[in-house]
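Q:
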Amino acid sequence: MYLRNDSRPQGSRLSLRVAVVGGVGVALFAVLFFRLWNLQVLSGDEYLAEAQNNRTREFKVIAPRGDILDRNGEVLVDNRTSLALQLNTAKLPDDPAEERAELARLGELAHMSLRQVRRAIEKGEEVAAGAPVTLRRDVGFDLIAYVEENQDEFPGVAVQRVFVRHYPDGTRAAHVLGSVGEINEDELKEPEFKGLEPGDEVGKAGVEYTYDRFLRGDPGHTRIQVNALGQPTPGGQLVSQSPTPGDNLKLTIDGDVQAAGEGALSARGLPGAFISMNVDTGEILAMGSSPTYDPTVLDEPTQAQVNELYRDEVAAPLVNRATEGAYPTGSIFKIITALAALENGKITPDETVVDGGEITVGEQTFQNAGGVAHGAVELRRALEVSSDVYFYLLGLDMWETNELQEWAHKLGIGRPSGIDLPEEGETLLPSREWRNQLFKEELTERPWSAGDNVQLATGQGDLQTNPLQMAIAYAALGNGGKIVTPHVGMEIEDAAGRVLKEFDPRVRRKFRIDPGSRTAILEGLHAAAQGGEGTAAGVFGGFPIPIAGKTGTAERPGHADQSWFAALSPYPNPRIVTIATVEEGGFGAESAAPAVLQILEAIYDKRASEVSSAGGTE
Amino acid sequence: MTMYATRTRNARPEPFTVHVGIAERLGLAHMDWPLAISAIGLIAFSLLTLGQATQNDIPGDPNYFLERQAIYALLGIVGMLVLTRIDYSRFRELRVGIYTFLCASISLVFVFGFAARGSRRAFELPFFSFQPSELGKLLLVLALAGFVIDGARRGSEVQRTVRYLCLGLAPAALVFLQPDLGTSLVFAVATLAVMYFGGVPWTHFAVIGGALAVLVALVLVVAPATGFPLLKGYQEERLTSFVNSDEHADGAGYQQNQSVIATGAGGFTGRGDQATQTRLDFVPERHTDFIFAVIGERYGFMGAALVLSLYALLFWRALRISTLSKNAYGTLVAGGIAVSLLFQTFVNVGMNLGIMPITGIPLPLMSYGGSSVLATFLAVGVLQSINVQAHLSQKGRFAW
């Protein structure tokens, strides 16, 4: 059917075609109406939420970490604000050449090479993919002004006010305080860091780690309205929730005692450690390790500093030798041998033993230090003059039983102490079981022998322990059988100084020590420290406070003798245990004892010479 | 006007006067008022939306788009009224001239046109840029309807179908090369519509439909696979991204996603000045291709449904006029215009609502743009002319 013009098209055929088109039109409009209804009326709320979400950006406002104070309220760590140059890599130009140009410009500003910038970005992406990468901290105001004036040239670059840990006393208590750093991917998965995001700072070591949840605080948020390009719109600040600063942590550490201990160690110029602890509560008054380090350099160490901090395995400044060391202790171990022997009835305090200067066990000969023969000695005298033979014989007496090990174990040697620091090293209490197992596995050439126990009785041989464990053992002697939980965290305070939480960890174990045994041993220790022939009398003879103390000279394979000193003060009712050790420091009285003296002087705040005429005060 | 009635051959005529109203003088007497109202209602809505939603687009000139669109609207309404008074049948006689002008103007764009976003489709004139392909939508219908009527008795049915197809698809191909995929599709649809109302047999359409399916498969699947892509990358991405726009949330799908979010966020009553999606630049091209999303967000379902209803009214009146026409030419022209308006409306609104691909077809009478507004008003003017002529001819009016 084709049309003639000027005549009306044939009615019925045309109306069919028109009707079909009309039907299609109705159908298409129906589709549009239905879709419109669906979008706006049925799912309108969802899209509204999406639109709201679209137009706002949330910025995190970092909360300052809480301060860390010593027990007297003296600041050990606080914050200072610093300006950091940050780069949001998602906003870098897509074009590689443009990106390269921007990074080069940035590098020039930050005094970094293009390679350094790229490496910083790579490193940042590894730690926390997607979070802004901090290129440089502590940038100057002139640089910030330049970047802000030239925003167009630096898409994605922002200046962020960040809080940086500030240590008013430099290296003081560095090992206790620990450090903070950006949370890493593994940490993000841990329950204690729940709710944190990449880029957040958390405690990495020391009390910064242990008490992180108190110190951390809650970040605030600022929500601003942005346009499609992500640029803030004028007057578009919607909500601002200010951050909640972290709470302050008060430590049991006494800053003055800490300083004295560190000074004493560094004066020796040798690696070593010290600890001073309340024997009843486990509060640690001071704890330190030498060599130490400046925590501020952990942030952005130079290559030389990296070598010094991480690569030097001998000096190992990051290691807290007080809790992570693993040493034989020499004679300061003898109190444990004495306790084991007394409590197991191997000997009485007054029983005499003839010290001929040496004994021979099997093919091995064990000598007193310097080969001196002390003659007939009972317990007090054996401790005073540090007769090795006396204790060798006790060790020999107990070698077939497990009694020495049982007591050492009871007193915490070779066991985790429960201290509130993440750094606690592996230690070893040698025993029959341990050596025989090694022998079975063919890792040693002989099974357990009497010689092993003889060595252990004087803190030699395979014993590997640290000042902390020895402090716990001495504390137990001092307090009559309580194994305390050593701790450095005392309480959590808010900014106004109100106490929010106190840490008072309970006694871990309790056992009976016969008062007679305890008194006898303490008498022996007092004589050793301040008696006429005491091994440390030369050091403590003039100290006005009566103390009980023991020198130790540990033979450490491959090293010169390690000097130890353990002191319980005041005698006879000790409240504080103080232990120091100096690697390769020689005899106990040579370097460790003077270090302990310096600590005790700080604790009792009296110079030995000044009060010597006043006589004993307690 | 004075008329003379004669009672007897020699009698002096006795003068009497007929008072002709202003409507008659302007040729408005036999206008289709619902059609006029829908067209003017739509342009009014366009002005309202542009006035409110583009305040901050041109710094320092809050009414930039509003003022210009208002001028185009005025010109368009004047053009519509002028065409209403002209007998559209004269366009049939001018078909060769119209067709030549159509092809020439589109071709000249390649030479004199200015390039915008990688495509040459308009001449830069003082005050506004003229896009021949917009007016071409109307010109193609006018010319092709003429060819169909004229060639009704020449050649076999197949020859005629092929001839019409070639005549229609030639300008469509030129537009496609600008490149302007959307407008070339409108040309193709208008061509098919005119043929359809011209009585081309259903079987021919079936064959054309089959060929089209093969072509689409070739362009979208086979050609890229063999390494000879016919579509430009962005064109293909736009055409296919709407299938799963979330997957393309950064690229082509982004615009559509944002447009859907904007429309949905409008809810039933709209967000007014809280319409952040459009106010904060999330919706691209909000004064042109995505203006419907702006309406959806600002005025909600009530506003958007009102606009859709006006389009439905426009389409219905146009289709109705095709049945009233005094001659076959008018039927073909009205049908072609009706279908191309329907097509543009559906594709654009569907694109805004995320159910049609992004093709860059403006929304008639709503999107900002002089050429489109003017051309659409002229098309409405032609429809009015058909209606007026039908009434004047007093021939076979049947009611719908």
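Just so you know, the protein sequences line up as chains A and B, in that order. All residue numbers for the first sequence refer to our numbering, where the first residue is 1 and numbers rise by one. All residue numbers for the second sequence refer to our numbering, where the first residue is 619 and numbers rise by one. Cβ atoms here follow ideal geometry from the backbone N, Cα and C, with glycine treated the same way. Note that the structure is a prediction, hence the values are computed from the model and not measured.
Q40 (chain A) versus chain B: which residues are under 8 Å apart at the beta carbon?
A: Residue numbering aside, residue 40 (chain A) sits at position 40 when the first sequence is read from its first letter. Per Cβ cutoff of 8 Å: T881, G882, G884, G885, F886, G914, G918, F919, A922.
Q: In the DSSP assignment, what are the bridge partners of Y327 (chain A)?
A: By 1-based counting over the first sequence, the position of residue 327 (chain A) is 327. Y327 (chain A) is bridged to A:T465.
Q: For a contact defined as C-beta to C-beta under 9 Å, what are the partners of S1003 (chain B) on chain A?
A: Stepping through the second sequence from its first residue, residue 1003 (chain B) is reached at position 385. Here the premise fails: no neighbours, minimum Cβ distance about 16 Å.
Q: With DSSP collapsed to three states, give me the class of G538 (chain A).
A: Reading the first sequence from its first residue, position 538 is the one you call residue 538 (chain A). Here G538 (chain A) sits in helix by DSSP.
Q: How would you call W698 (chain A), buried or exposed, if buried means at least 16 neighbouring beta carbons within 10 angstroms?
A: Residue 698 (chain A) is absent from the model: chain A starts at 1 and stops at 618.
Q: So what does DSSP say about I976 (chain B), is it helix, strand or coil?
A: One-based indexing of the second sequence puts residue 976 (chain B) at position 358. I976 (chain B): coil per DSSP, three-state reduction.
Q: Looking at chain A, is there any beta carbon in it that lies within less than 7 Å of the beta carbon of L971 (chain B)?
A: Taking the second sequence and counting its residues from 1, one reaches residue 971 (chain B) at position 353. At a cut-off of 7 Å between C-beta atoms, L971 (chain B) counts as an interface residue with respect to chain A.
Q: Rounded to whole angstroms, what's the CA-CA distance from D94 (chain A) to E153 (chain A)? Just pull it up for me.
A: For this step, residue 94 (chain A) is matched to residue 94 along the first sequence. For this step, residue 153 (chain A) is matched to residue 153 along the first sequence. So the two alpha carbons sit approximately 14 Å from each other.
Q: From this set, A:R446, A:L28, A:L215, which residue's C-alpha is nearest N436 (chain A)'s C-alpha?
A: Taking the first residue of the first sequence as position 1, residue 436 (chain A) is located at position 436. It is A:R446 whose Cα lies nearest to the Cα of N436 (chain A).
Q: Excluding the five sequence neighbours on either side, which residues of its own chain have a C-beta within less than 6 Å of the C-beta of T535 (chain A), listed in chain order?
A: As a working note, residue 535 (chain A) is residue 535 in the first sequence. Taken in chain order, the residues that qualify are S386, A528, T551, A589.
Q: At a Cβ threshold of 7 Å, is G23 (chain A) touching chain B?
A: Locating residue 23 (chain A) in the first sequence gives position 23, counting from the first residue. With 7 Å as the cut-off, G23 (chain A) does not count as an interface residue toward chain B.
Q: What are the residues in the segment 806–827 of chain B lying within 7 Å of chain A by C-beta distance?
A: Y814, F815, G816, G817
Q: Spatial neighbours of V804 (chain B) within its chain, please: C-beta separation below 8 Å, excluding the five flanking residues on both sides.
A: Here the question's residue 804 (chain B) lines up with position 186 in the second sequence. So the list reads K755, S958, F961, Q962, I979, once near-sequence residues are dropped.
Q: Whose Cβ in chain B lies nearer than 8 Å to the Cβ of E46 (chain A)?
A: In the first sequence, the residue the question calls residue 46 (chain A) occupies position 46. The answer, in chain order, is G882.
Q: Could you check the C-alpha separation between I661 (chain B) and L726 (chain B) for me, to the nearest Å?
A: The residue given as residue 661 (chain B) occupies position 43 in the second sequence. The residue given as residue 726 (chain B) occupies position 108 in the second sequence. Each residue's alpha carbon lies about 30 Å from the other.
Q: Could you tell me which chain B residues have their CB closer than 8 Å to the CB of L16 (chain A), listed as they occur along the chain?
A: As a working note, residue 16 (chain A) is residue 16 in the first sequence. Residues of chain B passing the Cβ test: none, with the nearest at roughly 10 Å.
Q: Which two residues bound the contiguous alpha helix (DSSP H) that contains I695 (chain B)?
A: As a working mapping, residue 695 (chain B) is identified with position 77 in the second sequence. Unbroken alpha helix (DSSP H) run through I695 (chain B): 682–703.
Q: So the alpha helix (DSSP H) H526 (chain A) belongs to, where does it begin and stop?
A: Residue 526 (chain A) sits at position 526 when you count from the first residue of the first sequence. From DSSP, the alpha helix (DSSP H) with H526 (chain A) extends over 515–530.
Q: Please confirm if L36 (chain A) has its CB atom under 7 Å from at least one CB of chain B.
A: Walking along the first sequence from the start, residue 36 (chain A) turns up at place 36. By this cut-off, L36 (chain A) is an interface position.
Q: Looking at A811 (chain B): is its Cβ nearer than 7 Å to the Cβ of G953 (chain B)?
A: Position 193 of the second sequence, counted from the start, is the residue given in the question as residue 811 (chain B). Position 335 of the second sequence, counted from the start, is the residue given in the question as residue 953 (chain B). In this structure, G953 (chain B) lies closer than 7 Å to A811 (chain B) by Cβ.
Q: For D864 (chain B), is the classification buried or exposed, using 16 other Cβ atoms within 10 angstroms of its Cβ as the cut-off for buried?
A: The residue given as residue 864 (chain B) occupies position 246 in the second sequence. With a pLDDT of 46 at D864 (chain B), under the threshold of 50, the modelled position of this residue cannot be trusted; read the value that follows with caution. With fewer than 16 other Cβ atoms within 10 Å, it is exposed.
Q: Residues bridged to Q364 (chain A) by DSSP?
A: Taking the first sequence and counting its residues from 1, the one referred to as residue 364 (chain A) is at position 364. Q364 (chain A) pairs with A:V361.
Q: Anyone know if the C-beta pair for V615 (chain B) and L950 (chain B) falls short of 7 Å?
A: This structure gives no information on residue 615 (chain B), because the portion of chain B shown stretches from 619 to 1018.
Q: Taking C-alpha atoms, which residue in B:F900, B:G669, B:R889 lies nearest to D45 (chain A)?
A: Reading the first sequence from its first residue, position 45 is the one you call residue 45 (chain A). The option with the nearest alpha carbon to D45 (chain A) is B:R889.
Q: Do we get a CB-CB distance below 7 Å when we pair L28 (chain A) with the residues of chain B?
A: Sequence index remark: in the first sequence, residue 28 (chain A) carries index 28 (1-based). At least one chain B Cβ lies under 7 Å of L28 (chain A).
Q: What are the uninterrupted segments assigned as beta strand (DSSP E) that are 3 or more residues long and contained completely in the segment 331–418 of chain A, given in chain order?
A: 353–355, 358–361, 364–367, 375–377
Q: Taking the C-alpha atoms as reference points, what is the distance between A30 (chain A) and W37 (chain A)?
A: Position 30 of the first sequence, counted from the first residue, corresponds to residue 30 (chain A). Position 37 of the first sequence, counted from the first residue, corresponds to residue 37 (chain A). Rounded to the nearest angstrom, the two C-alpha atoms are 10 Å apart.
Q: Would DSSP call A448 (chain A) helix, strand or coil?
A: As a position in the first sequence, residue 448 (chain A) is number 448, starting the count at 1. Note that residue 448 (chain A) is Trp in the sequence shown, not Ala. Residue state, collapsed to three classes: coil.
Q: Using a cut-off of 7 Å between C-beta atoms, extract the partners of G968 (chain B) located in chain A.
A: Within the second sequence, the letter at position 350 stands for residue 968 (chain B). In chain order: L32.
Q: Does the beta carbon of F748 (chain B) come closer than 7 Å to any beta carbon on chain A?
A: Residue mapping note: residue 748 (chain B) aligns to position 130 of the second sequence, counting from 1. Not closer than 7 Å to any Cβ of chain A, the Cβ of F748 (chain B) fails to qualify, so no.
Q: Tell whether a beta-carbon distance below 7 Å holds between V77 (chain A) and L177 (chain A).
A: For this step, residue 77 (chain A) is matched to residue 77 along the first sequence. For this step, residue 177 (chain A) is matched to residue 177 along the first sequence. It is a contact, given that the beta carbons lie within the stated cut-off.
Q: Short of 6 Å in beta carbon distance, which residues of its chain neighbour V582 (chain A), apart from the five on each side in sequence? Order them along the chain.
A: Within the first sequence, the letter at position 582 stands for residue 582 (chain A). Setting aside the 5 residues that flank it on each side, V582 (chain A) is surrounded in the same chain by R268, L270, G272, S563, S591, A592, each with a C-beta closer than 6 Å to its C-beta; the list follows chain order.
Q: Give me the DSSP bridge partner(s) of G459 (chain A).
A: Position 459 of the first sequence holds residue 459 (chain A). For G459 (chain A), which the question treats as bridged, DSSP gives no partner whatsoever.
Q: Pair every Cβ in the segment 494–509 of chain A with every Cβ in the segment 81–91 of chain A, then say whether three or more of these pairs are closer than 8 Å.
A: Judged by Cβ distances under 8 Å, the segment 494–509 of chain A makes no contact with the segment 81–91 of chain A, as fewer than three pairs qualify.
Q: Could you check whether Q796 (chain B) and R739 (chain B) sit closer than 7 Å to each other, using their CB atoms as the reference points?
A: Your numbering for residue 739 (chain B) matches position 121 in the second sequence. Your numbering for residue 796 (chain B) matches position 178 in the second sequence. In this structure, Q796 (chain B) lies closer than 7 Å to R739 (chain B) by Cβ.
Q: Using 10 angstroms around the beta-carbon of G170 (chain A), count the other beta-carbons present and answer buried if the total reaches 16, otherwise exposed.
A: For the purposes of this step, residue 170 (chain A) is identified with residue 170 of the first sequence, where counting begins at 1. Sixteen is the threshold: since fewer than 16 other Cβ atoms of the shown chains lie within 10 Å of the Cβ of G170 (chain A), the residue is exposed.
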